[in-house]
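Asks: Per the working numbering, residue 527 is the first one in the first sequence, and the count goes up by one each step. Ideal placement from N, C-alpha and C gives every residue a C-beta, glycine not left out. Model, not experiment: these values are computed from the prediction.
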Amino acid sequence: MPVVTRFAPSPTGFLHIGGARTALYNWLFAQHHARHGDGGTFLLRIEDTDRARSTQAAVDAIYDGLSWLGLDWDGDAISQFERADQHRAAAERLLAEGKAYKCYCSPDELSAMREAARAEGRKRMYDGTWRDRDPSEAPAGVDPVIRLKAPQDGETVIEDLVQGRVTVANEQLDDMVLLRADGTPTYMLAVVVDDHDMGVTHVIRGDDHLTNAFRQTQLYLALGWETPVFAHIPLIHGADGAKMSKRHGALGVETYRDDGFLPEALCNYLLRLGWSHGDDEIISTEQAIEWFGLDSVGKSPARFDLAKLTNLNGHYIREADDGRLVDLVMERLEQAHPGKLAKEARDRLFKGMAGLKERAKTISELTENSSFYAIQRPIEMTEKAAGHLGPEGSALLRDLRPVFADAESWSDEALMAAAKNFAEAGGIKLGAVAQPVRAALTGNTVSPSVFEIMDVLGREETLGRIDDALGGP
RNA sequence: GUCCCCAUCGUCUAGCCCGGCCUAGGACACCUCCCUUUCACGGAGGAGACAGGGGUUCGAAUCCCCUUGGGGACGCCA
Numbered sequence: 527m528p529v530v531t532r533f534a535p536s537p538t539g540f541l542h543i544g545g546a547r548t549a550l551y552n553w554l555f556a557q558h559h560a561r562h563g564d565g566g567t568f569l570l571r572i573e574d575t576d577r578a579r580s581t582q583a584a585v586d587a588i589y590d591g592l593s594w595l596g597l598d599w600d601g602d603a604i605s606q607f608e609r610a611d612q613h614r615a616a617a618e619r620l621l622a623e624g625k626a627y628k629c630y631c632s633p634d635e636l637s638a639m640r641e642a643a644r645a646e647g648r649k650r651m652y653d654g655t656w657r658d659r660d661p662s663e664a665p666a667g668v669d670p671v672i673r674l675k676a677p678q679d680g681e682t683v684i685e686d687l688v689q690g691r692v693t694v695a696n697e698q699l700d701d702m703v704l705l706r707a708d709g710t711p712t713y714m715l716a717v718v719v720d721d722h723d724m725g726v727t728h729v730i731r732g733d734d735h736l737t738n739a740f741r742q743t744q745l746y747l748a749l750g751w752e753t754p755v756f757a758h759i760p761l762i763h764g765a766d767g768a769k770m771s772k773r774h775g776a777l778g779v780e781t782y783r784d785d786g787f788l789p790e791a792l793c794n795y796l797l798r799l800g801w802s803h804g805d806d807e808i809i810s811t812e813q814a815i816e817w818f819g820l821d822s823v824g825k826s827p828a829r830f831d832l833a834k835l836t837n838l839n840g841h842y843i844r845e846a847d848d849g850r851l852v853d854l855v856m857e858r859l860e861q862a863h864p865g866k867l868a869k870e871a872r873d874r875l876f877k878g879m880a881g882l883k884e885r886a887k888t889i890s891e892l893t894e895n896s897s898f899y900a901i902q903r904p905i906e907m908t909e910k911a912a913g914h915l916g917p918e919g920s921a922l923l924r925d926l927r928p929v930f931a932d933a934e935s936w937s938d939e940a941l942m943a944a945a946k947n948f949a950e951a952g953g954i955k956l957g958a959v960a961q962p963v964r965a966a967l968t969g970n971t972v973s974p975s976v977f978e979i980m981d982v983l984g985r986e987e988t989l990g991r992i993d994d995a996l997g998g999p
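(1) With DSSP as the reference, identify every bridge partner of Arg691, one or two as the case may be.
(2) Across which residues does DSSP place Lys628 in a beta bridge pair?
(3) Beta carbon of Gln689, beta carbon of Leu736: below 8 Å?
(4) Leaving out five residues on either side along the sequence, give the residues of the same chain with a beta carbon under 6 Å from the beta carbon of Asp598.
(5) Between which two residues does the alpha helix (DSSP H) holding Thr737 run?
(6) With which residues is Ser605 paired in a DSSP beta bridge?
(7) Using only alpha-carbon positions, find the residue among Glu906, Ala995, Lys887, Leu792 that is nearest to Trp594.
(8) Could you tell me the alpha carbon to alpha carbon distance between Ala622 and Gln612, rounded to whole angstroms?
(9) Answer yes or no: do Thr712 and Pro754 have a C-beta to C-beta separation smaller than 8 Å?
(10) Count the other CB atoms, across all protein chains shown, that sit within 10 Å of the CB of Leu832; report buried if there are 16 or more and exposed otherwise.
(11) Does DSSP put Leu996 in a helix, in a strand, or in coil?
(12) Compare the Cα-Cα distances from Met879 to each of Asp853, Pro904, Leu620 and report the closest residue.
(13) Whole angstroms are fine: how far does the CA of Tyr630 sit from the CA of Val668?
(14) Can you list the beta strand (DSSP E) stretches of 3 or more residues lying completely in the stretch 851-905, in chain order?
(15) For the putative contact between Leu967 and Arg985, defined by C-beta atoms under 8 Å, what is the C-beta separation to the nearest angstrom?
(16) For Asp564, tell me which candidate among Val529, Arg577, Glu950 has the shortest Cα-Cα distance.
(17) Considering only the alpha carbon of each residue, which of Ala814, Ile815, Arg731 lies closest to His1021?
(18) Check His722 in the structure and name its three-state DSSP category.
(19) Please look up how many angstroms separate the CB atoms of Arg532 and Met714, rounded, as I've assumed it's under 8 Å.
(20) Using only CA atoms, which one of Leu867, Arg872, Val585 lies nearest to Gly778?
(21) Which of the three DSSP states, helix, strand or coil, is assigned to Phe526?
(22) Going by DSSP, what residues sit across from Arg532 in a beta bridge?
(23) Taking 8 Å as the threshold (C-beta atoms), are Gly786 and Arg829 in contact?
(24) When the distance is taken between beta carbons, is Leu859 closer than 8 Å to Ser897?
(25) What's the call for Arg798, buried or exposed, on a 16-neighbour Cβ count within 10 Å?
(26) Is it buried or exposed for Asn947, if we count other Cβ within 10 angstroms and need 16 for buried?
(27) Just to check my reading of the structure: Arg903 and Pro974 have Cβ atoms closer than 8 Å, yes? What is that Cβ distance to the nearest angstrom?
(28) Taking the C-alpha atoms as reference points, what is the distance between Ile809 and Gly566?
(29) Can you check the stretch 779-805 for any alpha helix (DSSP H) of at least 4 residues that lies completely inside it and give the ranges in chain order?
(30) On a CA-only basis, which of Ser802, Leu705, Ala995, Trp817 is nearest Ser826? Give me that one, please.
(31) How long is the line joining the alpha carbons of Ser662 and Ala615, rounded to whole angstroms?
(32) Using the DSSP secondary-structure output, state which residues sit across from Gly732 in a beta bridge.
(33) Where does His914 sit, in a helix, a strand or coil, going by DSSP?
(34) What number of angstroms, rounded off, separates the C-alpha of Glu939 from the C-alpha of Leu926?
(35) Comparing C-alpha positions only, which one of Gln961, Leu882, His542, Leu620 sits nearest to Ala921?
(36) So, with DSSP's three-state summary, where would you put Val976?
In structure tokens form, the structure reads like this:
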């Protein structure tokens, strides 16, 4: 049977890390069935019924976030707000069938009930005042809400693919509001009607919705519809163990992009946060699509660990195509050093990328480590680097300059051979020779191999930088 | 408070469903060493966990119960 999943965020902010994982699981599940099953579709629905809190900017942030992660959805995104008529129709049908009723309770009465319920240690808040009351007793001039006439005995059961069978006594659940006094549908109603109309077969979402699933199941039953399969995945917690939410540590995916993380690294990390396939850690998207299933999703919440994400990111950077990395780095360099980049910047980065990418765990770090290639001379010198160019270092560098200048061929190997000879002749270590050169060439104490750098920079630029460090030719 | 869910190294997890192969495996982080022109990468090794208590059983990380701890939900928000 073909599978239909959906991701249904509310556009009240950015696409945060928890939402991204939910989207990923839904996408993966659909992809898995599309490629290895009877078909799979992944839909996107924007839950924008709360007009006051929904913004177009947030909707765009969700689109951008999903697109960046590579989680493409089928068809156009659906606006829940625009489907209000269908929601209303469902509620009215229930009303006509006697499965729902009008409730005229005022907000004051409701909060009194809520208080009473808490005081008595009950969960059920609404006492059903208008459930069986004669409509003729309705107070004049009060717009009623429509409530579901939910079963009061027995229990509601959901067979959750992640949580297993979960049961709750119906007496714990009160008659939920379907339509507000102003006639607009509530979330509970909208979700059920939309999921049904969209043909959603599997509802994969955060387990903060687990209790909603009970109410929704009652609604499906009342509407005479088959319930979808539920899969409530555990939430992601912050590094401190507290829940991660928009107000507590959860960052938008664009923040990770800005901090220099690759989408494939984030996806791989998010995938492993709560799902596993034996001891596998590095999992490609293709592999994930093949392997992903809801039965391997864990039931306990996981903490977000930036160190592991960073490590994974380093791996994907090393694997990444040089050209792609150059584009990413150039964009940042142009921003950071406007007008200061050498014309040869891009070419040098491309030539030097193999040595560069081994040493960076984020694109931000890669950019920083790459800047010495891109910036025009004279380059700036860090304090530590300057330390290698004291009297001793400078003297060494001065003696070394002609060795390089006279090198037979300007290649990595030839240059290193020349430096080695020089070091041996002087009875010093290669390392002692390399550091002043590194300082002169990069303005830093850490970099790829100095001979590789000389190769990339070329003869003229290299000697120029040495001269700069020596205070002139 | 009430209801629901969860519980293996610091973190993510394998193992649990179908008890013995577990003196509990892997990954990240950490420590030591090797490689080495710096830093990374890579390689070798180390430290590090079945929350506690009861059962069931010849035998429990694995099954049952309780306790404790954590989380989530209790809106005319989504």
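Replies: Here's the rundown:
(1) Looking up residue 691 in the first sequence gives position 165. Answer is Glu685, bridged to Arg691.
(2) Your numbering for residue 628 matches position 102 in the first sequence. DSSP lists Ile672 as partners of Lys628.
(3) Numbered from 1 along the first sequence, position 163 holds the residue referred to as residue 689. Numbered from 1 along the first sequence, position 210 holds the residue referred to as residue 736. A distance below 8 Å separates the beta carbons of Gln689 and Leu736.
(4) Here residue 598 refers to the residue found at position 72 when the first sequence is read from its first residue. Once the five neighbours on either side are set aside, Asp598 has no close Cβ partner at all.
(5) Counting from 1 along the first sequence, the entry for residue 737 is found at position 211. Its alpha helix (DSSP H) spans residues 736-749.
(6) As a first step, residue 605 is located in the first sequence; it is residue number 79 there, counting from the start. Its beta-bridge partners are Ile572.
(7) For the purposes of this step, residue 594 is taken as the residue at position 68 of the first sequence. The shortest C-alpha separation from Trp594 is found at Leu792.
(8) For the purposes of this step, residue 622 is taken as the residue at position 96 of the first sequence. For the purposes of this step, residue 612 is taken as the residue at position 86 of the first sequence. Cα to Cα, the separation comes out at about 15 Å.
(9) By one-based count along the first sequence, residue 712 stands at place 186. By one-based count along the first sequence, residue 754 stands at place 228. The answer is no: Cβ separation not under 8 Å.
(10) Start at 1 with the first residue of the first sequence, and residue 832 comes out as number 306. Under a 10 Å Cβ-count criterion, Leu832 is classified as exposed, with fewer than 16 other Cβ atoms of the shown protein chains found around its own Cβ.
(11) Taking the first residue of the first sequence as 1, we reach residue 996 at position 470. The three-state reading of DSSP puts Leu996 in helix, counting H, G and I together.
(12) To locate residue 879, count along the first sequence from 1; it is residue 353. Considering only alpha carbons, the answer is Asp853.
(13) Start at 1 with the first residue of the first sequence, and residue 668 comes out as number 142. Start at 1 with the first residue of the first sequence, and residue 630 comes out as number 104. Rounded to the nearest angstrom, the gap between the Cα atoms of Val668 and Tyr630 is 7 Å.
(14) The beta strand (DSSP E) runs of length 3 or more contained entirely in the stretch 851-905 do not exist; there are none.
(15) Along the first sequence, one-based indexing puts residue 967 at 441. Along the first sequence, one-based indexing puts residue 985 at 459. Not confirmed; about 12 Å, so no contact.
(16) Counting from 1 along the first sequence, the entry for residue 564 is found at position 38. Here the closest residue by C-alpha is Val529.
(17) Residue 1021 is absent from the structure shown; the chain starts at 527 and stops at 999.
(18) To locate residue 722, count along the first sequence from 1; it is residue 196. Helix, per DSSP.
(19) Mapped onto the first sequence, residue 532 falls at position 6. Mapped onto the first sequence, residue 714 falls at position 188. Not a contact, Cβ separation roughly 16 Å.
(20) For the purposes of this step, residue 778 is identified with residue 252 of the first sequence, where counting begins at 1. Gly778 has its Cα closest to that of Val585, out of Leu867, Arg872, Val585.
(21) Nothing about residue 526 can be read from this structure; the chain reaches only from 527 to 999.
(22) Taking the first sequence and counting its residues from 1, the one referred to as residue 532 is at position 6. Answer by DSSP bridge pairing, in chain order: Leu569.
(23) By one-based count along the first sequence, residue 829 stands at place 303. By one-based count along the first sequence, residue 786 stands at place 260. Not in contact: Arg829 and Gly786 (Cβ atoms no closer than 8 Å).
(24) Looking up residue 897 in the first sequence gives position 371. Looking up residue 859 in the first sequence gives position 333. Their beta carbons are under 8 Å apart, which means Ser897 touches Leu859 by this criterion.
(25) Here the question's residue 798 lines up with position 272 in the first sequence. Label assigned to Arg798: buried.
(26) Numbered from 1 along the first sequence, position 421 holds the residue referred to as residue 947. With fewer than 16 Cβ atoms within 10 Å of its Cβ, Asn947 is classed as exposed.
(27) Counting from one through the first sequence, the residue named residue 903 turns up at place 377. Counting from one through the first sequence, the residue named residue 974 turns up at place 448. Not confirmed; about 18 Å, so no contact.
(28) The residue you call residue 809 lines up with position 283 of the first sequence. The residue you call residue 566 lines up with position 40 of the first sequence. Taking the straight line from one Cα to the other gives about 21 Å.
(29) Segments of the alpha helix (DSSP H) lying fully in the stretch 779-805: 779-784, 789-798.
(30) If you number the first sequence from 1, residue 826 lands on position 300. It is Ser802 whose Cα lies nearest to the Cα of Ser826.
(31) Locating residue 662 in the first sequence gives position 136, where the first residue counts as 1. Locating residue 615 in the first sequence gives position 89, where the first residue counts as 1. Straight-line Cα distance between these residues: approximately 23 Å.
(32) Against the first sequence, residue 732 aligns to sequence position 206. Assignment of beta-bridge partners to Gly732 by DSSP yields Ile759.
(33) Position 388 of the first sequence, counted from the first residue, corresponds to residue 914. Three-state result, His914: coil.
(34) On the first sequence, position 413 is the one that residue 939 refers to. On the first sequence, position 400 is the one that residue 926 refers to. Here the C-alpha atom of Glu939 lies approximately 16 Å from the C-alpha atom of Leu926.
(35) The count along the first sequence starts at 1 and reaches residue 921 at position 395. Of the candidates Gln961, Leu882, His542, Leu620, the one whose C-alpha sits nearest the C-alpha of Ala921 is Gln961.
(36) Within the first sequence, the letter at position 450 stands for residue 976. The three-state reading of DSSP puts Val976 in helix, counting H, G and I together.
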